[in-house]
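Below is one structure, written out as structure tokens; the observations come after it.
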Amino acid sequence: MGWLDRVDDQVDALTHARALQEASRSAESYVLLERVIRTTTDPAARADAMVQRLSALINLGRTAEFTRAIEEASAAVRDLAEPYLHGHLNALAALAAHHQGALDRCVMHLVRAARALGAVADPDRDTAWGWHDLAMAYSYLSFHGYALGAIERARQLGLTAGIPEETFAAPGIRLRNAVALDHNGDSDGCLRVLRDVAADLARFVRAGRADQLRPSSLAAYGYAAARQAALGDQVATEGPEPARLISHGGDSARARDLRQLGQVCLAVADGRPIEAVARLDTVQVSNETLGAAEPARLRSIALTRAGDHLSAHRADRLAFRLAAQRNDRLRDVYIDGIAARIDHEEMRREAARFEGEALTDPLTGLPNRRRLERYITAVVTRGEQVVIGVCDLDGFKAVNTRHGHHSGDLVLQRIAGVINRVMRRGDFVARYGGDEFVVVLPDTGMAEAAEVARRIEAAVRLEDWESLVPGTPVGVSIGFAEVSGGSGLRDALSVAFEQADREMLRAKTRPRAS
2 MGWLDRVDDQ
12 VDALTHARAL
22 QEASRSAESY
32 VLLERVIRTT
42 TDPAARADAM
52 VQRLSALINL
62 GRTAEFTRAI
72 EEASAAVRDL
82 AEPYLHGHLN
92 ALAALAAHHQ
102 GALDRCVMHL
112 VRAARALGAV
122 ADPDRDTAWG
132 WHDLAMAYSY
142 LSFHGYALGA
152 IERARQLGLT
162 AGIPEETFAA
172 PGIRLRNAVA
182 LDHNGDSDGC
192 LRVLRDVAAD
202 LARFVRAGRA
212 DQLRPSSLAA
222 YGYAAARQAA
232 LGDQVATEGP
242 EPARLISHGG
252 DSARARDLRQ
262 LGQVCLAVAD
272 GRPIEAVARL
282 DTVQVSNETL
292 GAAEPARLRS
302 IALTRAGDHL
312 SAHRADRLAF
322 RLAAQRNDRL
332 RDVYIDGIAA
342 RIDHEEMRRE
352 AARFEGEALT
362 DPLTGLPNRR
372 RLERYITAVV
382 TRGEQVVIGV
392 CDLDGFKAVN
402 TRHGHHSGDL
412 VLQRIAGVIN
422 RVMRRGDFVA
432 RYGGDEFVVV
442 LPDTGMAEAA
452 EVARRIEAAV
462 RLEDWESLVP
472 GTPVGVSIGF
482 AEVSGGSGLR
492 DALSVAFEQA
502 DREMLRAKTR
512 PRAS
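Sequential numbering from 2 applies to the sequence shown in our numbering.
Okay, here's the thing in structure tokens:
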């Protein structure tokens, strides 16, 4: 049973809206979906319509409406236990975040989309489209290997659901891979990929299936051929002309970008480089369609054909610099700790569910000092044996001095995740303040505490601090002490903290393994 089989209202309208978007008629689909949203009382139909509406807005390039559409779709999907919906929504939200330039949010949505779509128990036609949109998001973010894997998943699910192979040909994914190679100086690699794309189209033409290709795919095939010709490569004559292909794409914003840049490529290929440069001076395309470097790279190719090698070199250096900036931004997204952020959000939700935000440290998501004191008091009052450990970061002041407080916050978030990851079930971790964390080990003696300390120190030592805060290694010093119960509980806690602090300071003076 597929997803739409579980929708009770306006299924025909939702199915028609899908078909319109597949035919690159997103504006018509949007109007239809708005009508469904206004009139349906079925939560599943409403949620599906809102997810589809987000897809239409992305296709139309209506960036200003992305945020509201994502919020409304998320609210509609939240209470529905349907992995497909959550997966497809996150895949689309990743595309939207990418077009808004929010790469950190984009990557988080990618992770969530892959997890949700992978959890669909009965994948169907809609799930295939979810994987297709996830592949597109991967591709726009330049995660080309992930994109190819996701589109292959979509193709396999699509074939099972009766969707023709050419529907998920997705030449745009390989096109973006090709131009990325060229932007980074590998023009030969770019041409190899473009020739593969051309061979793919030729195969569909020979099989008589070219008319089944989606309009957006035709536009991508056309640009791939035009780009190949602009690089001076011989383009196969089999099949439609590139100029005709790039005229397809319907009302898609990305197709409009491909048409404008495709005309530049064709002008270069036809020996009209000055016209190509003039066109580049007037085109307005999104940096996200083929990367910010593509117009500069085309300018370099055109100027080279025109014989202005100095200007061509400058344009080429600009293209390379823009491509490098994009790579740096992608690296920084991971350095900022996407996985840690997801863990952080999950910890915050867990803490908030039981104790409320007042007991949670907003930066790390860990319980705060107030929650820590309540927890220790409750455990000791029950008469349990407790060991507390004070963990203080080494080198943290240098991080703030050299890299700034934003990097310092990222280190604290990473440390919180590292410590939490190596603790045993039932142990308790809190942020005490500043760069100090406290771990509480119930029903534990000092010998076991020493083993926990070794695990924490090893995990911190093995973390890749060099990529996060280059030149400022981060370590941790830990001191443990037992808490003795009794009538003077407050005094006992104070004594234990003081003893643990002293042990932590002694640890700072001991030699460390390199």
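We put the CB at the ideal spot given by N, CA and C, even for glycine.
Any 3 or more C-beta pairs closer than 8 Å across the stretch 131-146 and the stretch 22-34 | no
Rounded straight-line distance, which links the Cα of residue 426 to that of residue 384 | 20 Å
Presumed contact (8 Å Cβ cut-off) between residue 394 and residue 416, rounded CB distance = 6 Å
Can at least three beta-carbon pairs, one atom from the stretch 150-160 and one from the stretch 119-139, be found at a separation below 8 Å?
-> yes
If you pair each beta-carbon of the stretch 120-134 with each one of the stretch 90-102, do three or more pairs fall below 8 Å?
-> yes
Can you tell me the Cα-Cα spacing of residue 188 and residue 111, whole angstroms?
-> 29 Å
Backbone CA spacing between residue 279 and residue 265 [nearest angstrom] | 9 Å
Counting Cβ pairs, one atom from each stretch, are 3 or more of them under 8 Å apart for the stretch 288-306 and the stretch 317-327?
-> yes
Could one say the Cβ of residue 11 lies closer than 7 Å to chain B's Cβ atoms, at least one of them?
-> No chain B appears in this structure, which consists of one protein chain only.
Decide yes or no for the touch test of the stretch 113-128 against the stretch 76-86: beta carbon pairs closer than 8 Å, at least 3 of them.
-> yes
When the Cα of residue 262 is compared with those of 55, 498 and 296, which residue comes out closest?
-> 296
How would you call residue 13, buried or exposed, if buried means at least 16 neighbouring beta carbons within 10 angstroms?
-> exposed
Proximity to residue 411 [Cα-Cα], best of 77, 7 and 470 = 470
Per DSSP, which one or two residues make a beta bridge with residue 305?
-> DSSP output for residue 305 lists no bridge partner at all.
Answer yes or no: do residue 267 and residue 294 have a C-beta to C-beta separation smaller than 7 Å?
-> no
Quick one: what's got a C-beta closer than 7 Å to residue 434's C-beta in the same chain, skipping five residues either side?
-> 370
On the three-state DSSP scale, how would you describe residue 17?
-> helix
Any idea what DSSP makes of residue 84, helix, strand or coil?
-> helix
Give every residue of the same chain whose Cβ lies closer than 7 Å to the Cβ of residue 436, excluding the five residues on either side of it in the sequence, and list them in chain order.
-> 393, 394, 397 and 413
Span separating the alpha-carbon of residue 124 from that of residue 162 | 9 Å
For residue 235, which option in 221, 200 and 245 has the closest C-alpha, if you only look at C-alpha atoms?
-> 200
Sequence-distant residues of the same chain with beta carbon closer than 7 Å to residue 23, five excluded per side = 215
Do you know whose CA, among 233, 213, 478 and 447, lies nearest residue 171's CA?
-> 213
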